[in-house]
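Residue numbers (my numbering): 6 to 242. A virtual CB, placed ideally from N, CA and C, is assigned to each residue, including glycine. Keep in mind that this is a model prediction, so the values were computed, not measured. Working notes, beginning with the structure itself.
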Ligand code: SAH
């Protein structure tokens, strides 16, 4: 591990030798399993550290600074575990659900969670539209994370049903964030959300810094949301 100690220091996220080793194991597993499970298009260790690890830790820093980092949390469409798993390695007390629709990725998540000996992480193989109908899951979370899953208007419908009132959806976006926020007005009104922050995240490497969008759940989400699997992205609110 080269880039990570410097990044964590810059973000004031102290990582013990054991935590750095966990990131190292995670990185090796990603590189080994990626061709089979389609985990990441990146093949360079430095690029993975920046795009996947450092960006996830920058999100953690922003969430703590904003006072919205809380358990339990759900990472929707987590893929190979981003941003949820790096945050969990850095903050072991977090109670975390990793939700992923693709079976091969869910299997990878199960394996890496076991290998790293992480406690209080639940991997769920399924779609947000379906899991949000589970009474044990609906309205359960204080924090929902999602990166690179859907435009904000769709994400609002997928994520807000999981939150209790007062909980937040935190999602890193690209340069289109302000437009996505505008286009999400109807979805926010329908699902009970209010945009609380749109702010730059610490850049993890060259190129433009991502933009963090934080949505707070301020009213109950009507039972009809989310609509059935596929509809939120096909016919966004
Ligand atoms: N968040 C990860 C992965 C992004 S790719 C990262 O930033 O690296 C988007 C992932 O979301 C894919 O793995 C896809 O299978 C998953 N996904 C998309 N729609 C979903 C849904 N409705 N429910 C659960 N997972 C979903």
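Distance check for residue j and residue i, CA to CA, integer angstroms please.
i           : j           : result
residue 199 : residue 172 : 11 Å
residue 196 : residue 134 : 14 Å
residue 216 : residue 73  : 16 Å
residue 245 : residue 223 : The first residue shown for the chain is 6 and the last is 242, placing residue 245 beyond what the model contains.
residue 20  : residue 58  : 13 Å
residue 128 : residue 102 : 6 Å
residue 236 : residue 166 : 15 Å
residue 9   : residue 227 : 42 Å
residue 240 : residue 109 : 27 Å
residue 232 : residue 82  : 17 Å
residue 26  : residue 204 : 31 Å
residue 60  : residue 88  : 8 Å
residue 12  : residue 229 : 43 Å
residue 92  : residue 75  : 12 Å
residue 120 : residue 153 : 26 Å
residue 98  : residue 178 : 26 Å
residue 51  : residue 136 : 35 Å
residue 225 : residue 242 : 17 Å
residue 182 : residue 174 : 14 Å
residue 141 : residue 164 : 15 Å
Between the beta-carbon of residue i and the beta-carbon of residue j, is there less than 8 Å?
i           : j           : result
residue 189 : residue 169 : no
residue 144 : residue 104 : no
residue 213 : residue 238 : no
residue 176 : residue 208 : no
residue 156 : residue 185 : yes
residue 118 : residue 112 : no
residue 123 : residue 96  : no
residue 47  : residue 56  : yes
So residue i packs on residue j, CB below 8 Å; how close in whole Å?
i           : j           : result
residue 148 : residue 78  : 4 Å
residue 16  : residue 62  : 6 Å
residue 31  : residue 90  : 7 Å
residue 85  : residue 35  : 6 Å
residue 274 : residue 161 : Nothing in the structure corresponds to residue 274, since the chain is present only between 6 and 242.
Can you list the residues near ligand 1, meaning Cβ strictly closer than 5 Å to any non-hydrogen atom, in the order they appear in the chain? 82, 84, 87, 106, 107, 132, 133, 152, 153 and 154
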